[in-house]
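Some notes on the structure that comes next.
There are 2 protein chains.
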Amino acid sequence: MSVGIRHDDLRRRNRAMVITAVRRAGRPSRTEIAATTGLSHSTISAISSDLIGEGILAEGKPSEAGALKRGRPQVGLGLNPEAAAVMTVVLSLNFLSVAVIDYAGQVISEEQRRLDTLTMSREALIGECVAIVRRRLEDPDIDVRSVARIALAIQGITDTEARAMLWSPITPQTNIAFADILEAQFGIPATMENDCNMMAVALRWRDPERYRDDFIAILLSHGIGMGLVLKGELFTGTHSSGGEFGHMIHRPGGALCRCGRRGCVEAYAGNYAIWRNAKQLGEDTEPVADVSDAQMRALAATARERDGPEREAYRKAGEALGYGLGSLFALIDPAPVAMVGVSAAAFDLIEPALREAIAQTAGGQHSKSISFDTEPNELPLIREGCAMRALTFVDQEIFAPGVQTKAGLAAKKNVA
Amino acid sequence: MSVGIRHDDLRRRNRAMVITAVRRAGRPSRTEIAATTGLSHSTISAISSDLIGEGILAEGKPSEAGALKRGRPQVGLGLNPEAAAVMTVVLSLNFLSVAVIDYAGQVISEEQRRLDTLTMSREALIGECVAIVRRRLEDPDIDVRSVARIALAIQGITDTEARAMLWSPITPQTNIAFADILEAQFGIPATMENDCNMMAVALRWRDPERYRDDFIAILLSHGIGMGLVLKGELFTGTHSSGGEFGHMIHRPGGALCRCGRRGCVEAYAGNYAIWRNAKQLGEDTEPVADVSDAQMRALAATARERDGPEREAYRKAGEALGYGLGSLFALIDPAPVAMVGVSAAAFDLIEPALREAIAQTAGGQHSKSISFDTEPNELPLIREGCAMRALTFVDQEIFAPGVQTKAGLAAKKNVA
DNA sequence: TCTATTTTTTCGAGCCCCGAAAAAACACTG
DNA sequence: CAGTGTTTTTTCGGGGCTCGAAAAAATAGA
Numbered sequence: 004m005s006v007g008i009r010h011d012d013l014r015r016r017n018r019a020m021v022i023t024a025v026r027r028a029g030r031p032s033r034t035e036i037a038a039t040t041g042l043s044h045s046t047i048s049a050i051s052s053d054l055i056g057e058g059i060l061a062e063g064k065p066s067e068a069g070a071l072k073r074g075r076p077q078v079g080l081g082l083n084p085e086a087a088a089v090m091t092v093v094l095s096l097n098f099l100s101v102a103v104i105d106y107a108g109q110v111i112s113e114e115q116r117r118l119d120t121l122t123m124s125r126e127a128l129i130g131e132c133v134a135i136v137r138r139r140l141e142d143p144d145i146d147v148r149s150v151a152r153i154a155l156a157i158q159g160i161t162d163t164e165a166r167a168m169l170w171s172p173i174t175p176q177t178n179i180a181f182a183d184i185l186e187a188q189f190g191i192p193a194t195m196e197n198d199c200n201m202m203a204v205a206l207r208w209r210d211p212e213r214y215r216d217d218f219i220a221i222l223l224s225h226g227i228g229m230g231l232v233l234k235g236e237l238f239t240g241t242h243s244s245g246g247e248f249g250h251m252i253h254r255p256g257g258a259l260c261r262c263g264r265r266g267c268v269e270a271y272a273g274n275y276a277i278w279r280n281a282k283q284l285g286e287d288t289e290p291v292a293d294v295s296d297a298q299m300r301a302l303a304a305t306a307r308e309r310d311g312p313e314r315e316a317y318r319k320a321g322e323a324l325g326y327g328l329g330s331l332f333a334l335i336d337p338a339p340v341a342m343v344g345v346s347a348a349a350f351d352l353i354e355p356a357l358r359e360a361i362a363q364t365a366g367g368q369h370s371k372s373i374s375f376d377t378e379p380n381e382l383p384l385i386r387e388g389c390a391m392r393a394l395t396f397v398d399q400e401i402f403a404p405g406v407q408t409k410a411g412l413a414a415k416k417n418v419a
Numbered sequence: 004m005s006v007g008i009r010h011d012d013l014r015r016r017n018r019a020m021v022i023t024a025v026r027r028a029g030r031p032s033r034t035e036i037a038a039t040t041g042l043s044h045s046t047i048s049a050i051s052s053d054l055i056g057e058g059i060l061a062e063g064k065p066s067e068a069g070a071l072k073r074g075r076p077q078v079g080l081g082l083n084p085e086a087a088a089v090m091t092v093v094l095s096l097n098f099l100s101v102a103v104i105d106y107a108g109q110v111i112s113e114e115q116r117r118l119d120t121l122t123m124s125r126e127a128l129i130g131e132c133v134a135i136v137r138r139r140l141e142d143p144d145i146d147v148r149s150v151a152r153i154a155l156a157i158q159g160i161t162d163t164e165a166r167a168m169l170w171s172p173i174t175p176q177t178n179i180a181f182a183d184i185l186e187a188q189f190g191i192p193a194t195m196e197n198d199c200n201m202m203a204v205a206l207r208w209r210d211p212e213r214y215r216d217d218f219i220a221i222l223l224s225h226g227i228g229m230g231l232v233l234k235g236e237l238f239t240g241t242h243s244s245g246g247e248f249g250h251m252i253h254r255p256g257g258a259l260c261r262c263g264r265r266g267c268v269e270a271y272a273g274n275y276a277i278w279r280n281a282k283q284l285g286e287d288t289e290p291v292a293d294v295s296d297a298q299m300r301a302l303a304a305t306a307r308e309r310d311g312p313e314r315e316a317y318r319k320a321g322e323a324l325g326y327g328l329g330s331l332f333a334l335i336d337p338a339p340v341a342m343v344g345v346s347a348a349a350f351d352l353i354e355p356a357l358r359e360a361i362a363q364t365a366g367g368q369h370s371k372s373i374s375f376d377t378e379p380n381e382l383p384l385i386r387e388g389c390a391m392r393a394l395t396f397v398d399q400e401i402f403a404p405g406v407q408t409k410a411g412l413a414a415k416k417n418v419a
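Line order of the protein sequences matches chains A and B. For the first sequence, the numbering used here begins at 4 and goes up steadily by one. For the second sequence, the numbering used here begins at 4 and goes up steadily by one.
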């Protein structure tokens, strides 16, 4: 059963609340924080004075510096960029991308690298990741001790504890405990996240108006992935990252999927499936390993140009996505959708069939009110989400007495 | 954003924790409560002394009265049955069932009634519900003032706020705000719940070992319903009760469903669908309004006896359920399943095709480890869940200072 | 320079939880 | 049957936390 609340948890939680409020609002005054958190001015005053003393927050000008009002001017509180840093590692098909981000969210060092992930050995793959992290940590601009957390993201399935990649389409290797490996190597806490979940996290930071409590991020790429936020929480499976929207069954016994099974949504809507249908290769044809973005854009151009197998391929993709979303909506009710990835740029070709399909389902009752947004480039989104995930983890640690970051500890020593 | 924790919330939450611990454990001693809640003995002592003073808890013998040990004997704490009472109203096809339950969970008054829900007018339906509640409240055994909450359950879709029935297969009427209506009539807080969700709640109380944090309750009845518990929480949609497993799409454009759409899981696995297939009526045939339990049992008997359309009908049901579960598991990962309702008694006929189908899906990777349990009778389960739901609501109110029940207030006055 | 206004800090009061010690309630022992 | 050991429960003092009210601080406008 859930455990009782100890008295000291109180301060810890309220510190967290204040830090979160500052991260969200940018440079709020103490008064604003008091309003958003519902805590009293005295409490906010006490907590923020602690946090400033520990080097986590710093005073500055308020966000609306121009607004000259009567009375004592508000003092803006901001995150101290030097309080800590985090590192993001994004591993996607043939591509490895790493960045170091300061506590305020600015990139301070990055590196990207092409790899042949599909053919690499387990050791080589792990080795490359460790090496690139090491190189960034050795960057003279970086204070190694300030790096408080590493967040990895990978396309594929991760475990609920965010320790390991269980399965990924970008490599034949399975069950790599990346988080444990990096922690052992560098002594920095690490987590292993699912790429689509990070997309969802990023969308929420980018546009909290639209993507607030309930929304869906769907990756339309070589494979089909999903990040789901329900009731303000990232949705995950009971054992794994879950949310394998691409492997819901669209047609029992249908087209051959990259996962080896038949009839998955992805087997109609993934790049390889659109490609296969456009080239009229037959649904039993083994999926191709990769289709370049340029090839997909060319396919979409042809489909727009003339009515032929290309257009039909996109129509089938739309149908599969529509029925899949319909089934999903039967479970969770309709919610705003963000289509991300190269095929999101061809959403005009997908949408008609998608809407038609969704109208045939229980979730489609309000078909017209379901709104879609598109974002053709997934990588920046994944990186951004990863960074925010890592930073909010640090937020959770810094305020937790006894689990101080080094920066926090150092600052505390300075005060004492 | 989530609000800060006020100082007084602490006591409120910890009181809740103690009450919950007592409800779960039966007659735990203070020491046991301290262990399960993680709070200190002194805190438990203080809180339980308050709760006893307010008439919410009562001292008694410990549950294991026989265990004579050295030392001061434990004093068992139990819920005071007279602290409050709740009422459950379960509305199902042609049947209305009401019970009054004391704070310790014992039924103290009940009434059941046959109705013709499918043809009744809106006013008649509401009228019957109000009347039956009034009759129970006028029962001389019942102290009206002690009834602290009413929980209604209905087959169909309810809203997330648990105020109204939005749609139900048992009546052509839609959007009846039963909770508001009963509150207005009797001045007792009420909620409107989905029947399958209540089944899930009941299963958790019945067998917390098996049904703990993640599990699925599927109703195999005239329609197909689902109650889902994920990460220890009842899963609901963003706007409605959600979890409309029966209306996930099994075959796009397939068999005609009672909901008017095509290819839903229910259109293959609901009683009417099994009936339709067994009678070889064709998938476009309008679903029959009702099939009696006896008819379904006869159908199952025939299917067990000989290989014919009856057996094939169950096979098709199994297939639809299997692919549906496969898609569900792709989203949430596999979890224990309880099959409830009359067709659960025919699960032997359903299971082979179900397992075969599920093995074709992403969720079926661990097909053998997915375990099914069956419970042919849904009504007792729904009633029980409803009662527990209402009682835990009361638990949440009694401990919230300022929202005392009448019983709580009276007891407090006596003390003062 | 003074006043009105708004933000921020200070201070005492009131709660709450915890650990340690005391009290209570029994079984066992000789 | 009184004394001893054991376990549960209560009591008590200490340390923290949040809150409201009042004071202090910082500025625009008169």
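For each residue, glycine too, the CB sits at the ideal point set by N, CA and C.
How many Å lie between A:Gly63 and A:Gly79 at the Cα?
5 Å
Starting from B:Ala156, follow the beta strand (DSSP E) in both directions and report where the run begins and ends.
Val150 to Ile157
Residues of chain A with a CB under 8 Å from the CB of B:Ile353: which are they?
In chain order: nothing, as chain A lies at least about 16 Å away.
List the whole-angstrom C-beta distance separating B:Leu357 from B:Leu331, where the pair is believed to meet the contact cut-off of C-beta under 8 Å.
Not a contact, Cβ separation roughly 13 Å.
Is the Cβ-Cβ distance between A:Cys389 and A:Ala86 less than 8 Å?
Contact flag unset, no.
Strictly under 8 Å for the Cβ-Cβ distance: is A:Asn200 near chain B by that measure?
no
So what does A:Glu378 bridge to, in DSSP terms?
A:Val343
Considering only DSSP beta bridges, list what B:Gly190 is partnered with.
None; B:Gly190 has no bridge partner.
May I have the straight-line CA-CA distance separating A:Glu186 from A:Gln77, to the nearest angstrom?
42 Å
Taking the DSSP output, what are the residues bridged to A:Cys267?
The secondary-structure analysis by DSSP pairs A:Cys267 across a beta bridge with A:Ile252.
What does a CB cutoff of less than 6 Å around B:Ala414 pick up in its chain, not counting 5 residues either side in sequence?
A caution first: B:Ala414 carries a pLDDT of 33, below 50, which makes its placement in the model unreliable, though a value can still be read off. Counting only Cβ-Cβ distances below 6 Å, and skipping sequence neighbours, we find Glu57 and Gly58.
Taking buried to mean at least 16 other C-beta atoms within 10 Å of its own C-beta, is A:Asp398 buried or exposed?
buried
Alpha helix (DSSP H) containing B:Met299: first to last residue?
Asp296 to Glu308
Count the other CB atoms within 10 Å of the CB of B:Ala134; is the residue buried (16 or more) or exposed (fewer)?
exposed
Using a beta-carbon distance below 8 Å, is A:Cys132 in contact with chain B?
no
Just reading off the alpha helix (DSSP H) that B:Leu54 is part of, what are its end residues?
His44 to Gly56
Do the CB positions of A:Gly366 and A:Ser224 come within less than 8 Å of each other?
Result no, Cβ atoms of A:Gly366 and A:Ser224 do not sit closer than 8 Å.
Give me the chain A residues within the contact set of B:Leu247, using Cβ-Cβ distance strictly less than 7 Å, ordered along the chain.
It should be noted that the sequence gives Glu, not Leu, for residue 247 of chain B. Result: Ala333, Leu334 and Ala365.
Exposed or buried, what is B:Asn274 when buried is set at 16 or more other beta-carbons lying within 10 Å of its beta-carbon?
buried
Which residue comes first and which comes last in the beta strand (DSSP E) that contains A:Met168?
Counting along the chain, the unbroken beta strand (DSSP E) around A:Met168 starts and ends at Met168 to Trp170.
Is the beta carbon of A:Ser243 less than 8 Å from the beta carbon of A:Thr177?
At the C-beta level, A:Ser243 and A:Thr177 stay beyond 8 Å of one another.
Using only alpha-carbon positions, find the residue among A:Thr364, A:Asp53, A:Glu35 and A:Lys72 that is nearest to A:Tyr326.
A:Thr364
Less than 8 Å between C-beta atoms, sequence neighbours within five positions excluded: which residues of the same chain meet that for B:Ser112?
Only Ala102, Val103, Arg139, Asp142, Asp144 and Ile145 meet the Cβ criterion.
How many Å lie between A:Glu35 and A:Ile55 at the Cα?
17 Å
How do the stretch 193–212 of chain B and the stretch 378–387 of chain B stand: do at least 3 beta-carbon pairs fall below 8 Å, yes or no?
yes
Do A:Leu233 and A:Gly246 have their C-beta atoms within less than 8 Å of each other?
no
Identify the residues that DSSP records as bridge partners of A:Phe238: which are they?
A:Phe238 pairs with nothing; no bridge assigned.
Nearest chain B C-beta to A:Ser330 closer than 8 Å, yes or no?
yes
What are the boundary residues of the beta strand (DSSP E) that A:Glu62 is part of?
Leu60 to Gly63
Whole angstroms is fine: what's the gap from A:Phe350's alpha carbon to A:Ser171's?
25 Å
With a threshold of 8 Å between beta-carbons, can B:Pro192 be considered close to chain A, or not?
no
Along the stretch 156–186 of chain A, what residues have a CB closer than 9 Å to any CB found in chain B?
Thr163
So is B:Asn17 buried or exposed if we call it buried at 16+ other beta carbons inside 10 Å?
buried
Just checking: is the beta-carbon of A:Ile252 within a distance shorter than 8 Å of some beta-carbon in chain B?
yes
Starting from the C-beta of A:Ala182, find all residues in its chain whose C-beta is less than 6 Å away, skip the five residues before and the five after it, and write them out in chain order.
So the qualifying residues of the chain are Arg166, Ala193, Thr194 and Met195.
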